[in-house]
Amino acid sequence: MKAQALHGHLDALLLAVLEQGALHGYAIIEALRARSGGTLDLPTGTIYPALRRLERAGYVASSWSTVNGRERRTYQLTEAGGQALAGERAGWREFSATVGRFLGTDEPPATPA
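Each residue of the sequence shown is one higher than the one before, starting from 10 at the first, in this note's numbering.
See below:
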């Protein structure tokens, strides 16, 4: 799936991944790939700008660490990020229920006369 198809949803997906705990950038990419069954295989050029945007918004905090002599940045969900994720989930449920009324059935609903 291309990043363009996720327009408007990538931030929510990143927040949901970080809900499970702090991860470094590549681990976030791997988590997206694993949780999507391989469908979401997004490049770093898509993920890192989104993480920086979420950090500027206060939804994600980051810190640097050294592992095996290599520095890496680890990201974690903030309290504000958890609240934003709850709002995204509520919006998603409403959106998918509404669209599902049109696309989720094989038989079109009766049209009022």
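All C-beta atoms in this analysis are idealised placements derived from N, C-alpha and C, irrespective of residue type, glycine included.
Buried/exposed call for residue i, threshold 16 Cβ in 10 Å
i	result
A66	exposed
L112	exposed
A43	exposed
A40	buried
Which listed residue (the options) has its alpha carbon closest to that of residue i
i	options	result
A59	L112, A43, I38 and R102	I38
R61	G96, V108 and G34	G34
Q29	A106, V69, V76 and G100	V69
S74	T87, A99 and A31	A31
DSSP-derived helix/strand/coil call for residue i
i	result
E28	coil
S45	coil
L51	coil
G17	coil
Whole-angstrom distance between residue j and residue i, CA atom to CA atom
i	j	result
T114	R82	45 Å
Q85	L24	9 Å
E53	A21	In the sequence as displayed, the identity of residue 53 is Thr instead of Glu. Roughly 17 Å between the two C-alpha positions.
H16	R110	22 Å
A93	R79	32 Å
L27	A106	25 Å
L49	W101	18 Å
S45	L51	11 Å
E64	G90	9 Å
F104	E97	10 Å
I56	S71	14 Å
One or two residues paired with residue i in a DSSP bridge
i	result
Q85	A70
E80	T75
H33	T83
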